[in-house]
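In our numbering, the protein residues as written are 748 to 927. All C-beta atoms in this analysis are idealised placements derived from N, C-alpha and C, irrespective of residue type, glycine included. Some notes on the structure that comes next.
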Amino acid sequence: MKLNPIFNKAIEWGLIDKNPVQRIKMHKQESRSRYVTNEEIGRLMAVLKEKENSQLTESQKLAERSGKIFTFISLFTGARKSNVSGMRWDEISLSEKILCIPKTKSKNGKTLYIGLADKLIEVLQTRKLCSKSEWGLPSVKDNSKHISSSTMHRAWAKIRKKAGIQNEQYMILEERLKLG
């Protein structure tokens, strides 16, 4: 919270005469952002290509598949977690290879167009053929809803751990390969 505007408002209201923090410079904070390295992408891709564990229940297999697809889409688009989890098929143009994030869902209030790599198009085409949901990543339990944040968080944690990536923040995937 910045104090300067608070004291300025107090001056405006006649509560004080002088802003005591006017000349104090804000300490610059170092950016917390860390981005995934090429080596880490390689390790993530290796985990994403691993065969499915046959001992899992069908629900667990579906959750694992959804988590892998979520991570794959995130790597190839750089889209925010909420945009990946909440994407609908009508926002994806497989023929034009574009994901459209409407202004109502974007962080800056502007429509965002993200180019989709050929490999991602293949994955999405296969996913769409198998899906009866309007959601690109439907909920594991209810096709009428999108994948839950807890399912994504657990999947990302498992994938990250298998890939040997320490940083647990999803942000390391954002801003990667964004075209628009």
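Residue 870 vs residue 819 beta-carbon contact at 8 Å | As a working mapping, residue 870 is identified with position 123 in the sequence shown. As a working mapping, residue 819 is identified with position 72 in the sequence shown. Taking 8 Å as the Cβ cut-off, residue 870 and residue 819 qualify as a contacting pair.
CA-to-CA distance, residue 774 to residue 815, given in whole angstroms = Position 68 of the sequence shown, counted from the first residue, corresponds to residue 815. Position 27 of the sequence shown, counted from the first residue, corresponds to residue 774. When rounded, the distance between both Cα atoms is 40 Å.
Which of helix, strand or coil does DSSP assign to residue 771?
-> Here residue 771 refers to the residue found at position 24 of the sequence shown. The answer is coil: DSSP assigns residue 771 none of H, G, I, E or B.
Run through DSSP, which three-state label would residue 725 get?
-> In this structure the chain extends from 748 to 927, so residue 725 is not present and cannot be described.
Kindly indicate which three-state DSSP category residue 861 falls into: helix, strand or coil?
-> As a first step, residue 861 must be located in the sequence shown, where it is residue number 114. The answer is strand: DSSP assigns residue 861 an E or B state.
Buried versus exposed, by CB contacts within 10 Å (16 or more), residue 768 = Here residue 768 is taken as the residue at index 21 of the sequence shown, counted from 1. The residue is exposed, with fewer than 16 neighbouring Cβ atoms inside 10 Å.
By the 10 Å Cβ neighbour count, where 16 or more other Cβ atoms means buried, how is residue 811 classified, buried or exposed?
-> Counted from its first residue, the sequence shown places residue 811 at position 64. Burial call: buried.
Boundaries of the alpha helix (DSSP H) in which residue 788 is found, first to last residue | Residue mapping note: residue 788 aligns to position 41 of the sequence shown, counting from 1. 785-796 is the extent of the alpha helix (DSSP H) around residue 788.
6 Å CB neighbourhood of residue 847 in its chain, flanking five on each side removed = As a first step, residue 847 is located in the sequence shown; it is residue number 100 there, counting from the start. 838 and 860, listed in sequence order.
Cα separation between residue 896 and residue 856?
-> Counted from its first residue, the sequence shown places residue 896 at position 149. Counted from its first residue, the sequence shown places residue 856 at position 109. If I take the Cα positions, the gap works out to 22 Å.
Buried versus exposed, by CB contacts within 10 Å (16 or more), residue 906 = For the purposes of this step, residue 906 is taken as the residue at position 159 of the sequence shown. Looking at its Cβ environment, which holds 16 or more other Cβ atoms inside 10 Å, residue 906 is buried.
Secondary structure at residue 841, three-state DSSP: helix, strand or coil?
-> Translated into the one-based positions of the sequence shown, residue 841 becomes position 94. If DSSP states are grouped into helix, strand and coil, residue 841 belongs with coil.
In angstroms with no decimal places, state the Cα-to-Cα distance between residue 849 and residue 824.
-> Walking along the sequence shown from the start, residue 849 turns up at place 102. Walking along the sequence shown from the start, residue 824 turns up at place 77. When rounded, the distance between both Cα atoms is 15 Å.
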